[in-house]
Amino acid sequence: MIESLIIVIFSTILFTPTLFQLLREINQLFILAVSFLLGIAFWTYFLFLANLAGLSFTLVNVLIIYFSILILSYLLSRLIKVEVTKKDKLSFTTISKFIATNRIALAVLLVLIFSSLVINFYWPVKDWDSLVLYDFRAKLFATHGGMNEAIKQGYFISYPLMTSLSHTLIYLINPASSPMLLYFAFYLALLIIFYSILREFKVGEKISLIATLALAGYGIIFEQSAMSYSNLPYTAYFFSGYIFALLWYKNERILYLITSALFIGLSGWIRFAEPFWIVIVLVVYLMILFKKKYRYMPLYILLIYAIRYPWSAFVKNISGITLSVGQNLSESIPLFSRQASFQGMISIFKYLYTNIFTEYAVLLFIFAFLFYYTFFYLKKRVDKTFIFDAAVISGIIIMIILGTFLFSLYQTSWADIGDSARRMSMVLVPILIFSSARLFNIINTKI
474 MIESLIIVIF
484 STILFTPTLF
494 QLLREINQLF
504 ILAVSFLLGI
514 AFWTYFLFLA
524 NLAGLSFTLV
534 NVLIIYFSIL
544 ILSYLLSRLI
554 KVEVTKKDKL
564 SFTTISKFIA
574 TNRIALAVLL
584 VLIFSSLVIN
594 FYWPVKDWDS
604 LVLYDFRAKL
614 FATHGGMNEA
624 IKQGYFISYP
634 LMTSLSHTLI
644 YLINPASSPM
654 LLYFAFYLAL
664 LIIFYSILRE
674 FKVGEKISLI
684 ATLALAGYGI
694 IFEQSAMSYS
704 NLPYTAYFFS
714 GYIFALLWYK
724 NERILYLITS
734 ALFIGLSGWI
744 RFAEPFWIVI
754 VLVVYLMILF
764 KKKYRYMPLY
774 ILLIYAIRYP
784 WSAFVKNISG
794 ITLSVGQNLS
804 ESIPLFSRQA
814 SFQGMISIFK
824 YLYTNIFTEY
834 AVLLFIFAFL
844 FYYTFFYLKK
854 RVDKTFIFDA
864 AVISGIIIMI
874 ILGTFLFSLY
884 QTSWADIGDS
894 ARRMSMVLVP
904 ILIFSSARLF
914 NIINTKI
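Residues in the sequence shown are numbered consecutively from 474, following my numbering.
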């Protein structure tokens, strides 16, 4: 387990110099959480690119890549000169006051966090998809120093390599170690980012803490914090990409928009098939239109595409399979028009209701009620950021419905993987709770 801790610490250090320049107006824990997510993603991403160039997976090569990125990060931090108003640093006094005024909620939150830590500390990799894919690939990478053996096993191209290569980093230090602490780190990073961004949007301390507690204890979020699957990391990166776009809309700092694009691009380094990133791109374009910063449109999509392209090209090269959303959609629509039936559509809606909408119905209802109550009953001036929240939530739901329809055309066993669809849809959870907390804060202020 100490090996996992080493990788978490090294990953966090990787972009800390740059992020303390970029995000120094937000709290230090937020900076460390963002640095961990960017660090582990880019470390594994460049390890993949280096392997394509002929560099094998060895501990020496891993360290060479690490220190190369660290040096670049440091040089970048020296170039970035950002004039911001510094906030008060975390102090013993402010922390003590925070604990004193939020004892119960904080105690429950810490119990949840500690429970996740204990589970990940004692349990090894145990979940099926990880045993046969994510962790299995990692062990092959560490044993053979490359990807060829993993490619021969099949099922290789289903998902990108971020989680697998994260495990590989640990196995190169000690093949007998467990990588489960990584998933606790993803969980903790998501919670820190979530709480910090609520406070950045002027949500009250108590409401922010209770909302973070709701996220930490939400069934599928807590469940995935103790599973070595890619869904929780994907959710953390996707949510981070969206909130950095909101920060850009709020402050118009181009570095926020760039960071948003990096996170959305890197979410495709974790799970490539989900088309949810398109929703974020469209919503960000809407933000850009409102701000009349049209020149940023090509920059945003090019950054995302630059990160997504190597994996897509690699998969096409070894298998001939095209991962282009546009091409796959154009091929699927004619097929759907020929094969669609009323009975089939009814069965799909039953599937969606049973496996997805019942899971998130309460959160969707709370968000819809608070949105209506705030802007139609109280007649508060509509903050455009809530329109963006609603657009992202609606876009994801539409993507889920359309994706299920199209998936049912190709897979006869589509109705048997309800749990997979449930996990795929968990990206809704932090966005729904985030927006609901902000809406409740407006209502609470009104009262």
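Cβ coordinates follow ideal geometry from the N, Cα and C atoms, glycine included.
In this text, all values refer to a predicted model and were calculated from it rather than measured experimentally.
* Asked: Going straight from the alpha carbon of I869 to that of I904, what length do you get?
  -> Going by C-alpha positions, I869 is about 11 angstroms away from I904.
* To do: Compare the beta carbon distance of L705 and L735 with 8 angstroms and say whether it is the shorter of the two.
  => Cβ atoms of L705 and L735: not closer than 8 angstroms.
* Asked: On the three-state DSSP scale, how would you describe N575?
  -> The answer is coil: DSSP assigns N575 none of H, G, I, E or B.
* Asked: From this set, L719, R744 and I743, which residue's C-alpha is nearest T732's C-alpha?
  -> Comparing Cα-Cα distances from T732 to each of L719, R744 and I743, the minimum goes to L719.
* If you draw a straight line from the alpha carbon of L511 to that of F822, how long is it in whole angstroms? -> Distance between the alpha carbons of L511 and F822 is about 37 angstroms.
* Asked: Enumerated in chain order, which unbroken segments of the alpha helix (DSSP H) with a length of 4 residues or greater are wholly contained in the segment 658-707?
  -> Whole alpha helix (DSSP H) segments, 4+ residues: 678-690 and 692-697.
* Taking C-alpha atoms, which residue in S529, N534 and F659 lies nearest to L478? -> The shortest C-alpha separation from L478 is found at F659.
* Asked: Do the CB positions of M635 and T517 come within less than 8 angstroms of each other?
  -> Yes, the pair counts as a contact, with Cβ atoms nearer than the cut-off.
* Asked: Is it the case that the Cβ atoms of N647 and E832 are separated by a distance below 8 angstroms?
  -> Their beta carbons are not under 8 angstroms apart, which means N647 does not touch E832 by this criterion.
* Cα-Cα separation, S909 to I624 -> When the Cα atoms are used, S909 and I624 turn out to be separated by approximately 44 angstroms.
* Through-space distance from F509 to I751, alpha-carbon basis -> Each residue's alpha carbon lies about 25 angstroms from the other.
* CB contact flag (I680, F521, <8 angstroms) -> Cβ atoms of I680 and F521: not closer than 8 angstroms.
* Look at the Cβ atom of I753, then the Cβ atom of Y782, and state whether they are nearer than 8 angstroms. => Between I753 and Y782, the CB-CB gap reaches or exceeds 8 angstroms.
* Asked: Are the segment 753-768 and the segment 530-544 touching, with three or more C-beta to C-beta distances below 8 angstroms?
  -> Because the criterion of three Cβ pairs below 8 angstroms is not met, the segment 753-768 and the segment 530-544 do not touch.
* Expressed to the nearest angstrom, what Euclidean distance is found between the alpha-carbon atoms of F519 and L638? -> Answer to the nearest angstrom: the Cα atoms are 10 angstroms apart.
* With DSSP collapsed to three states, give me the class of S564. => The pLDDT assigned to S564 is 49, lower than 50, so where the model puts this residue is not dependable, and the model offers no usable value.
* Asked: Can you find a CB in chain C that lies within less than 8 angstroms of the CB of P903?
  -> Absence of chain C from the displayed structure is noted, only one protein chain being present.
* Return the chain-ordered list of same chain residues with a C-beta closer than 7 angstroms to the C-beta of L492, the five sequence neighbours on each side being excluded. => Apart from sequence neighbours up to five positions away, the residues of its chain that approach L492 with a beta-carbon distance below 7 angstroms are I504, V507 and S508, ordered along the chain.
* **Close beta carbons around I839, own chain, < 6 angstroms, minus the five adjacent residues each side** => Around I839: S909.
* Asked: Near M818, which residues of its chain fall below 8 angstroms by C-beta distance, leaving aside the five closest residues on each side in sequence?
  -> Here the set comprises F878.
* **CB-CB length for K712 against L663, believed under 8 angstroms** => The residue asked about is misnamed: residue 712 is Phe in this sequence, not Lys. Their Cβ separation, rounded to whole angstroms, is 7 angstroms, which keeps F712 and L663 in contact under 8 angstroms.
* **Terminal residues of the alpha helix (DSSP H) in which P490 lies** => Residues T489 to L495.
* DSSP state of S550 mapped onto helix, strand, coil -> Here S550 sits in helix by DSSP.
* Do you know whose CA, among A689, L525 and L495, lies nearest S589's CA? -> It is A689 whose Cα lies nearest to the Cα of S589.
* Can you tell which of K857, A841, Y824 and T847 has the C-alpha that lies nearest to the C-alpha of I873? -> Of the candidates K857, A841, Y824 and T847, the one whose C-alpha sits nearest the C-alpha of I873 is Y824.
* Report all residues from its chain with a CB closer than 7 angstroms to the CB of D892; omit the five preceding and five following residues, and keep chain order. => So no residue of the chain qualifies.
* Name the residue from V584, D600, Y595 and H640 whose alpha carbon lies nearest to the alpha carbon of L613. => Comparing alpha carbon positions, the residue from V584, D600, Y595 and H640 closest to L613 is H640.
* Asked: At which residue ranges does the segment 815-882 contain complete beta strand (DSSP E) runs of 3 or more residues, listed in the order of the chain?
  -> Every candidate beta strand (DSSP E) stretch fails here, since none sits fully inside the segment 815-882 while reaching 3 residues.
* Asked: Going by beta carbon distance, what residues of the same chain come within less than 8 angstroms of D602, once the five residues before and after it are set aside?
  -> If we look at D602 and ignore the five residues flanking it on each side, its Cβ neighbours are Y702.
* K723 in three-state terms, based on DSSP -> Correct three-state label for K723: helix.
* **Whether V788 touches L642 by CB criterion (8 angstroms)** => Result no, Cβ atoms of V788 and L642 do not sit closer than 8 angstroms.
* **Beta-carbon proximity of R896 to Q697, cut-off 8 angstroms** => Yes, they are a contact pair.
* Should T531 go down as buried or exposed, given a rule of 16 or more other Cβ atoms within 10 Å for buried? -> Note on T531: under 16 other CB atoms within 10 angstroms of its CB, so exposed under the neighbour-count rule.
* Nearest-angstrom Cα distance between F565 and I586? -> The predicted position of F565 is uncertain, since its pLDDT is 47 and thus under 50; a value taken from the coordinates is nonetheless stated next. Take the alpha-carbon of F565 and the one of I586: they are about 22 angstroms apart.
* Buried or exposed for Y656, please, with buried defined as at least 16 other CB atoms from any protein chain shown within 10 angstroms of its CB. => Buried, because 16 or more other Cβ atoms sit within 10 Å of the Cβ of Y656.
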